[in-house]
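J.: Sharing a structure, written as structure tokens. Questions coming.
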Amino acid sequence: MDALLQDLRYALRSLRRAPGFTAAAVLTLAFGIGANTAIFSIASGLVLEAIPFAEPERLVNVDHVSRSGRVGGAVAWSDFDAWRRELGGFESLAARTWHGYTLSHDGSDRAGALKASGYRVTPGFFATLGARLLLGRGFLAEEGEAGSDAVVVLSQQVWERYFGADPDILGRTVRVDGAPRTVVGVLRGEHRFPAGADLWVPLVPTADELDVRLLGVIGRLEPGVTLAQAHAELDALQDALERERPEDRRVAGTRVVPLAEQQTEYQASMLGILLVAVGFVLLIACANVAGMLLARATARRQEIAVRASLGAGRGRIARQLLTESLLLALLAGALGTLLGRWGVTLLSGATPEWMARGVMGWERIDVDVRTLGYTLALTLGTGILFGLAPALHAARADFAGVLRDGARGATGRHAAHAQRTLLAAEVALAVVLLAGAGLLVRSLIGLQAARTGFDGDGVLTLELALPPAQYDAAEILAYQDRLLDRVRALPGVVEAGIVSNLPMSMTVRQERFRVLETGAAPPLTPTPGPTPTDRTPEPPAWAATAPGTAPASGSGSGARTRTGAGDDAPVEGWAAWRPATPGFLGTLRIPLLRGRDFTAADRAGAPRVVIVSEAMARRYFPAGDALGRRLVIQGEERRIVGIAGDVAQYGPERGLPPTVYAPYAQAPTTDAFLAVRTAGEPASLAAPVRAVVAALDPDVAIARVSPMNDVVAAFRAPDRLMTAVLSVFAAMAMLIAAIGLYGVVAYAVERRRREFGIRLALGARAADIVRLVARWGLVPVAAGTALGLLGALGLGRALAGSLYGVRPGDPVVLGVTALLLLATAAAAAFVPTRRAIGVDPAATLREE
743 MDALLQDLRY ALRSLRRAPG FTAAAVLTLA FGIGANTAIF SIASGLVLEA IPFAEPERLV
803 NVDHVSRSGR VGGAVAWSDF DAWRRELGGF ESLAARTWHG YTLSHDGSDR AGALKASGYR
863 VTPGFFATLG ARLLLGRGFL AEEGEAGSDA VVVLSQQVWE RYFGADPDIL GRTVRVDGAP
923 RTVVGVLRGE HRFPAGADLW VPLVPTADEL DVRLLGVIGR LEPGVTLAQA HAELDALQDA
983 LERERPEDRR VAGTRVVPLA EQQTEYQASM LGILLVAVGF VLLIACANVA GMLLARATAR
1043 RQEIAVRASL GAGRGRIARQ LLTESLLLAL LAGALGTLLG RWGVTLLSGA TPEWMARGVM
1103 GWERIDVDVR TLGYTLALTL GTGILFGLAP ALHAARADFA GVLRDGARGA TGRHAAHAQR
1163 TLLAAEVALA VVLLAGAGLL VRSLIGLQAA RTGFDGDGVL TLELALPPAQ YDAAEILAYQ
1223 DRLLDRVRAL PGVVEAGIVS NLPMSMTVRQ ERFRVLETGA APPLTPTPGP TPTDRTPEPP
1283 AWAATAPGTA PASGSGSGAR TRTGAGDDAP VEGWAAWRPA TPGFLGTLRI PLLRGRDFTA
1343 ADRAGAPRVV IVSEAMARRY FPAGDALGRR LVIQGEERRI VGIAGDVAQY GPERGLPPTV
1403 YAPYAQAPTT DAFLAVRTAG EPASLAAPVR AVVAALDPDV AIARVSPMND VVAAFRAPDR
1463 LMTAVLSVFA AMAMLIAAIG LYGVVAYAVE RRRREFGIRL ALGARAADIV RLVARWGLVP
1523 VAAGTALGLL GALGLGRALA GSLYGVRPGD PVVLGVTALL LLATAAAAAF VPTRRAIGVD
1583 PAATLREE
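For the sequence shown, this note's numbering gives the first residue as 743, with consecutive numbering after it.
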């Protein structure tokens, strides 16, 4: 212990005598440690602690595997009911299905309706999760029966934001979709599941829902039951159920996965890439500081040799140098922790609110005890990593030769070789990060320039939610007419329209359709009244959708038969379903290529018509005869009267999906978007349009009021955030590598100053000295660049799923990356090179 304290005091004195070196080393390491701390804090909250329930390892997600191989299929109530009655490997099973609600006060103190993302859940839902309520209770078993289900549980966030954290909220009556419900509980904010949920109501399936696959199912395994055992039991039961149903309604099997894995799959992949990136930054910082310590150890070789001659063993000398490196690392770790906390705050502030609230664990992101432990371990490991090279170098030094030759000892050559090796490694890692950032930047530029099929300039949008209990189909249409008339009368409004979901708004709705052969007229089953929107259990991952929106219910082209549409044309498939009013296509400047737009004559009771997208017409009617053809969708036969231009509903990177537009009057929905084309700045009309909506009915909830260009920007937010973060790390890596190169070249110039003076005295030109310095510094840079380009190909393949319009090995990106590194290296070597050619030959000869 005494020896350790002595080493520590000596290290403190040594570092205090070299404040410039100490500051440079600590800052370099602090940036690397801080970046790792920030990303690990986010990973800890979003992946390691994303499921904050009791015994989370026993929680599983249970779903179907479709016959096409698609996993994550929703479950029908009939299957779920059989599972919970007959499966013994599960302590409990619970189901949920997403639904967009309007929430309002019941009484004169109303503060306007709230658009809420809600879930219908079975009574045992909260108990299965192990979720804790802040106030009140969950649902009782009898509240899962029709007539006893007029209750609601609120999220803590809604209770605080909308009800002002009213302590008397329990027992209070609120209106959910216009119908009264009694508040029986408030769920803790950290236990909100699924992420982004605002409220929960009991799930009471209707007769029409018993065989519709719309449920998401979670389960809690019995103690000691493994995933494999639970899956085997479930598969056996499901096989028996499948044998009892028609062939066309069967699924291929089931899937049982840990709930944490199912909830964190997307963010884990993205955070994994960022953790690799910050790991590279830290390795570059370590290599840089190791090079600085090697240079310092070489400059101190006489001091170290004297200590050895006075009895200090090689192990003691190595330990002393390791103590100095660990002290540097601890100082950097303390500063890095502060930088990491600042980085977490910065990233949180840069993340769109809708995206943050839709991710499990986001509200718990902080530099917590787990993160501090990680940072401490990282700091100690870093100190040992960058301290090993100078310690081993000093331990192998020829102390006798150093004392004999003094300042001319040859020990520095070994340190110089190690420095150049470390520099090459730094450059290689920096090239990998720069190339990755370059690929994402070019992909983002391509996405922004890609054709979307609509023009959002000058368009204001807002989401509307009418309470279903107060609006039947006729009342929805009457409200729509009044709303459009008043909005179109506002000064500055050019055109306005209503649509069920906007392109790139993260609101997804798909319907299955069937193309009819010429002359075919199968029995139809019309669906009266407003179209339901809760088709699936919940919105998908946060990068693909926003909370409060319904996801796609499926995809695929279905069976293929020979029909009048073309010998090889598919006759069944999925299409984006978009009821819209007359004028909506013109509002977004979606071109009508053939046929006609909807008119006021396309009302309820009139012949059913649709407009299809060009992609749909091309795929399902390759003979070019889509106009006048018929298809069955939502159980109704409809005739195609127009062909519209394709729209990138889910972004250009996901192609141009088949789309079916229906007259809004023939397929009204209580949830819709209003789009208003303005003659000026769209935001200036936000208040007048809000006032019109509120004046017509204050119970109509309004959400997401923003220009259409902001809707598209929000859709691109995950791409931009990922690109920005990786670009920052790449810039840090390049800066640290440039500092490292400067240090290596400056060290080489100082070590060979006498040599340069003698060469100049003997007639060497300045250009000869420049070539010597360039060869010394730029050769490892070139080698590192070559190695880094190979590594960049691997990173590009890892990022392939996030790229659009650019290949993982894009030669432009790789070429620009290499040129940028070489230019940075040349700039970093400029000052030491000028110092080399400025050596005074006469002064050098006098020293000799």
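Beta carbons are placed, not taken as given, at the ideal position from N, Cα and C, and that holds for glycine. Everything numeric in this text was worked out from a predicted model, so none of it was measured.
1) Does DSSP put arginine 718 in a helix, in a strand, or in coil?
2) Do you know whose CA, among Ala1508, Gln1009, Thr864 and Leu845, lies nearest alanine 837's CA?
3) Can you give me the Cβ contacts of arginine 1381 inside the same chain, cut-off strictly under 6 Å, excluding the 5 residues immediately before and after it?
4) Pull up the DSSP beta-bridge partners for proline 798, would you.
5) At the level of alpha carbons, what is the spacing between alanine 1359 and leucine 1176?
6) Given a threshold of 16 other Cβ atoms within 10 Å of its Cβ, counted over all protein chains shown, does proline 1349 qualify as buried or as exposed?
7) Going by the beta-carbon positions, is the gap between threonine 1566 and alanine 1428 smaller than 7 Å?
8) Helix, strand or coil for aspartate 805? Go by DSSP, reduced to three states.
9) Specify whether the segment 968-975 and the segment 824-832 touch according to this definition: at least 3 beta carbon pairs, one from each stretch, less than 8 Å apart.
10) In chain order, which continuous runs of the alpha helix (DSSP H) of length 4 or greater are located wholly inside the segment 878-937?
11) Between which two residues does the alpha helix (DSSP H) containing leucine 771 stretch?
12) Residues in the same chain with beta-carbon distance under 8 Å from glycine 1422, minus the five sequence neighbours each way, listed in chain order, please.
13) With a floor of 3 residues, list each beta strand (DSSP E) that falls wholly inside the segment 1432-1471, ordered by position along the chain.
14) Use the C-beta contact count for glutamine 1005: other C-beta atoms within 10 angstroms, 16 or more gives buried, fewer gives exposed.
15) Leaving out the 5 sequence neighbours to the left and right, which residues in its chain are closer than 6 Å to glutamate 1095 when beta-carbon positions are compared?
16) Using only the alpha-carbon positions, how far apart do asparagine 1030 and isoleucine 793 sit?
17) Of the residues Val1486, Gly1580 and Leu1532, which one's Cα is nearest the Cα of arginine 1507?
18) So what does DSSP say about glutamate 1356, is it helix, strand or coil?
19) Using only the alpha-carbon positions, how far apart do threonine 1323 and phenylalanine 1363 sit?
20) To the nearest angstrom, how far is it from the Cα of leucine 1416 to the Cα of alanine 1404?
21) CA-CA distance, serine 786 and isoleucine 1107?
22) Name the DSSP beta bridge partners of glycine 1239, please?
23) Can you find at least 3 beta carbon pairs, one from the segment 953-960 and one from the segment 914-932, that sit closer than 8 Å?
24) Count the other CB atoms within 10 Å of the CB of histidine 1159; is the residue buried (16 or more) or exposed (fewer)?
25) In the DSSP assignment, what are the bridge partners of valine 1402?
26) Should proline 1574 be labelled buried (16 or more other beta-carbon atoms within 10 Å of its own) or exposed?
27) Use the C-beta contact count for leucine 747: other C-beta atoms within 10 angstroms, 16 or more gives buried, fewer gives exposed.
28) Between which residues of its own chain and valine 893 is the CB-CB distance below 8 Å, once the five residues before and five after are set aside?
29) Could you round the C-beta distance between valine 1173 and glycine 1530 to whole angstroms and report it? I think they count as a contact, below 8 Å.
30) Go to tyrosine 1392, then tell me how far its beta strand (DSSP E) extends in each direction, as first and last residue.
31) So serine 1242 and threonine 1411 are in contact, right, with Cβ under 8 Å, and what is the actual spacing, rounded?
32) Can you tell me whether alanine 1569 is buried or exposed, with buried defined as 16 or more other CB within 10 angstroms of its CB?
33) Figure out for me which residue from Phe868, Arg1038 and Asp919 has the closest Cα to the Cα of glycine 762.
34) Touching or not, the segment 1385-1404 and the segment 890-907, by the rule of three or more beta carbon pairs under 8 Å?
35) Cβ of glycine 1328 within 7 Å of Cβ of leucine 1369?
36) Bridge partners of histidine 847, per DSSP?
T.: Taking the structure as given:
1) Only positions 743 to 1590 of the chain appear in this structure, which leaves residue 718 out of reach.
2) Closest by C-alpha distance to alanine 837, out of Ala1508, Gln1009, Thr864 and Leu845, is Thr864.
3) Around arginine 1381: Val1351 and Arg1372.
4) For proline 798, which the question treats as bridged, DSSP gives no partner whatsoever.
5) Looking at the two C-alpha atoms, the distance is approximately 43 Å.
6) In summary, proline 1349 is exposed, with fewer than 16 beta-carbon neighbours lying within 10 Å of its beta-carbon over all protein chains present.
7) No, these two residues do not count as a Cβ contact at 7 Å.
8) Strand.
9) Three or more Cβ pairs drawn from the segment 968-975 and the segment 824-832 lie within less than 8 Å of each other, which places the two stretches in contact.
10) Here the runs fully enclosed are 898-903.
11) Segment 761-785, the alpha helix (DSSP H) holding leucine 771.
12) Cβ within range, chain order: Gly1200 and Gly1234.
13) Entirely contained in the segment 1432-1471, the beta strand (DSSP E) runs reaching 3 residues are, in chain order, 1443-1449.
14) Glutamine 1005 is buried by the Cβ-count criterion.
15) Nothing meets the Cβ criterion.
16) For asparagine 1030 and isoleucine 793, the distance between alpha carbons rounds to 39 Å.
17) Nearest of Val1486, Gly1580 and Leu1532 to arginine 1507, Cα basis: Gly1580.
18) Shown here, glutamate 1356 sits in a helix according to DSSP, grouped into three states.
19) Roughly 25 Å between the two C-alpha positions.
20) A straight line joining the alpha-carbon of leucine 1416 with that of alanine 1404 spans about 16 Å.
21) Cα to Cα, serine 786 sits roughly 7 Å from isoleucine 1107.
22) Its beta-bridge partners are Ala1417.
23) No: the two stretches stay apart, fewer than three of their Cβ pairs being nearer than 8 Å.
24) Of the residues assessed, histidine 1159 falls on the exposed side of the cut-off, its CB having fewer than 16 other CB atoms within 10 angstroms.
25) Paired residues: Trp1319 and Val1354.
26) Around the beta-carbon of proline 1574, 16 or more other beta-carbon atoms lie within 10 Å, marking it buried.
27) Classification of leucine 747: exposed, given that the 10 Å Cβ count is below 16.
28) In chain order, Phe881, Glu885, Arg923, Thr924, Val925, Val926, Val943 and Pro944 place their CB closer than 8 Å to the CB of valine 893, counting only its own chain and leaving out the 5 sequence neighbours on each side.
29) Sure, about 3 Å apart at Cβ, within 8 Å.
30) Per DSSP, tyrosine 1392 belongs to no beta strand (DSSP E) and is neither H nor E.
31) The C-beta separation of serine 1242 from threonine 1411 comes to about 5 Å, placing the pair in contact by the 8 Å criterion.
32) Label assigned to alanine 1569: exposed.
33) Cα-wise, what sits closest to glycine 762 is Arg1038.
34) Contact fails: fewer than three Cβ-Cβ distances are below 8 Å.
35) Cβ distance not < 7 Å, so glycine 1328 and leucine 1369 don't count as in contact.
36) DSSP output for histidine 847 lists Val916 as bridge partner(s).
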